[in-house]
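The sequence shown begins at 1 in the UniProt record's numbering and counts up by one. Okay, so here's the structure we're looking at.
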Amino acid sequence: MTKAEVITKISDKTGIQKDDVTQTIEAFFKVVKDSMSEGENIYVRGFGSFINKKRAKKIARNISKNTAIVIDEHYVPAFKPSKVFIDKIKNSKKVKEVAFQE
Numbered sequence: 001m002t003k004a005e006v007i008t009k010i011s012d013k014t015g016i017q018k019d020d021v022t023q024t025i026e027a028f029f030k031v032v033k034d035s036m037s038e039g040e041n042i043y044v045r046g047f048g049s050f051i052n053k054k055r056a057k058k059i060a061r062n063i064s065k066n067t068a069i070v071i072d073e074h075y076v077p078a079f080k081p082s083k084v085f086i087d088k089i090k091n092s093k094k095v096k097e098v099a100f101q102e
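The following block contains the structure:
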């Protein structure tokens with residue numbers, strides 16, 4: 001599902017104009033990106049958490065040149081779904097049907 005499809009679905013369910021939904025969704029994404037870039041995590045009860053995961057400093061290898069590369073400690077964005085969210089997906093018949101077809 002694309003962002004445009006999500007916007008359409010929200011607009012259809014709520015009766016809010018697509019332009020207003022688009023502005024709200026874009027504002028939400030901006031708040032998430034800005035907050036996380038400042039080191040803040042975002043917790044949405046019943047949905048999940050947007051968190052910064054710390055990656056330790058490590059030595060990697062460039063196989064083509066056979067040299068070692070040092071990758072400094074850094075943070076990467078991650079999403080951790082809530083228990084309610086996980087349970088909903090686990091109990092979904094549609095997800096199970098799609099998984100078995102592939």
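Glycine residues also receive a C-beta, built at the ideal position from the N, C-alpha and C atoms. Note that the structure is predicted; figures quoted are calculated from it, not measured.
Self-check item: Close beta carbons around Thr67, own chain, < 8 Å, minus the five adjacent residues each side
Solution: These residues qualify, in order along the chain: Arg61.
Quiz item: Ser49 by DSSP, collapsed to three states: which one?
Solution: For Ser49, the three-state secondary structure derived from DSSP is strand.
Quiz item: Among residues of its own chain, excluding the 5 on either side of Pro81, which ones have a beta-carbon nearer than 7 Å to its beta-carbon?
Solution: So the qualifying residues of the chain are Gly48.
Quiz item: Between the Cα of Val54 and the Cα atoms of Asp34, Gln23, Lys13, Asn41, which residue gives the shortest distance?
Solution: At residue 54 the sequence reads Lys, which differs from the Val that was named. Comparing C-alpha distances from Lys54 to each of Asp34, Gln23, Lys13, Asn41 shows the shortest one belongs to Asn41.
Practice problem: Please determine, among Ser37, Met36, Ser11, Glu38, the residue with the shortest C-alpha to C-alpha distance to Ile25. | Solution: Of the candidates Ser37, Met36, Ser11, Glu38, the one whose C-alpha sits nearest the C-alpha of Ile25 is Ser11.
Self-check item: Same chain, Cβ closer than 8 Å to Glu73, five either side skipped, listed in chain order
Solution: Excluding sequence neighbours, Glu73 sits near Lys54, Arg55, Ala56, Lys57.
Practice problem: Look up Lys80 in the DSSP assignment and say whether it is helix, strand or coil. | Solution: Of the three classes helix, strand and coil, the one that applies to Lys80 here is strand, per DSSP.
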